[in-house]
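Trainee: Residue numbers (this note's numbering): 403 to 570.
1) Applying the criterion that 16 or more other CB atoms from any shown protein chain within 10 Å of the CB defines a buried residue, is residue 471 buried or exposed?
2) I'd like to know if the stretch 418–430 and the stretch 492–510 are in contact, where contact means that at least 3 CB-CB pairs between them fall below 8 Å.
3) Check for me: the alpha helix (DSSP H) holding residue 529 runs from which residue to which?
4) Tell me which residue opens and which closes the alpha helix (DSSP H) that residue 547 is part of.
5) What is the DSSP secondary structure of residue 407, counted as helix, strand or coil?
6) For residue 567, which residues of its own chain have a beta-carbon under 7 Å away from its beta-carbon, when the five flanking residues on both sides are left out?
7) Helix or strand or just coil, what does DSSP make of residue 412?
8) Note down, in chain order, each residue of its chain lying with its Cβ closer than 6 Å to the Cβ of residue 512, except the 5 sequence neighbours on either side.
9) Going by the beta-carbon positions, is the gap between residue 530 and residue 430 smaller than 9 Å?
10) Determine the DSSP secondary structure at residue 444, reduced to helix, strand or coil.
11) Looking only at C-alpha atoms, which of 544, 442, 503 and 454 sits nearest to residue 468?
12) Considering only the alpha carbon of each residue, which of 550, 412 and 528 lies closest to residue 486?
13) Can you tell me which of the three DSSP states residue 569 falls into?
14) Drop a sphere of 10 angstroms on the beta-carbon of residue 423, count the other beta-carbons inside from all chains shown, and report buried for 16 or more, exposed for fewer.
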């Protein structure tokens, strides 16, 4: 199997990032849509001041996540056909990471809002904390603890011994 060129690697990295962003974008859009409709539901008038504050945090974090996760599209449009794929990939990576961080805040805040509405606050705080740890386990702790697995190849994403799909 021939080695990919630097340009091909950047193109593949960008395609991989776009696939990841599609998944994250769907999740954050569903959460954001839910949060946008919540104040118009009948039960929202019964929320406490604390719950309204948590709602605002969840809403603003979802908005920030949405902006960051979609921003690589705008950046790509601005740099289209300028041969700046490395810059685009680095930017998209930072935006995806930041978007996931805001998505985590929004998800945990949404869990806190709902659990505080239906349960005792102390239970809601514990469940929300556990939710945050659960997300951090799968979004940060496990991935970062596995970063150095595999061969010492130049690209952390691929193993040369694995078959590659036609889209790679």
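In this text, a Cβ means the ideal position worked out from N, Cα and C, and glycines have one as well.
Mentor: The answer reads as follows:
1) By 1-based counting over the chain shown, the position of residue 471 is 69. It is buried - the Cβ of residue 471 has at least 16 other Cβ atoms within 10 Å.
2) yes
3) Your numbering for residue 529 matches position 127 in the chain shown. Looking at the DSSP string, the run of the alpha helix (DSSP H) that includes residue 529 is 523–538.
4) The residue you call residue 547 lines up with position 145 of the chain shown. Element bounds for residue 547: 544–547.
5) Against the chain shown, residue 407 aligns to sequence position 5. Here residue 407 sits in coil by DSSP.
6) Sequence index remark: in the chain shown, residue 567 carries index 165 (1-based). Because the pLDDT at residue 567 is just 40, under 50, the model does not fix this residue reliably, and the point stays unresolved.
7) Within the chain shown, residue 412 is the residue found at index 10, counting from 1. Residue 412 falls in the helix class under three-state DSSP.
8) On the chain shown, residue 512 is found 110 positions in, with the first residue counted as 1. Once the five neighbours on either side are set aside, the close Cβ partners of residue 512 are 460.
9) On the chain shown, residue 530 is found 128 positions in, with the first residue counted as 1. On the chain shown, residue 430 is found 28 positions in, with the first residue counted as 1. The answer is no: Cβ separation not under 9 Å.
10) Taking the first residue of the chain shown as 1, we reach residue 444 at position 42. Residue 444 falls in the helix class under three-state DSSP.
11) Position 66 of the chain shown, counted from the start, is the residue given in the question as residue 468. The candidate whose alpha carbon is nearest that of residue 468 is 503.
12) In the chain shown, counting from the first residue as 1, residue 486 sits at position 84. Here the closest residue by C-alpha is 412.
13) Residue mapping note: residue 569 aligns to position 167 of the chain shown, counting from 1. Confidence is the limiting factor: at residue 569 the pLDDT is only 42, short of 50, which leaves the residue's position unreliable, though a coordinate-based value still follows. The answer is coil: DSSP assigns residue 569 none of H, G, I, E or B.
14) Taking the chain shown and counting its residues from 1, one reaches residue 423 at position 21. Residue 423 comes out buried.
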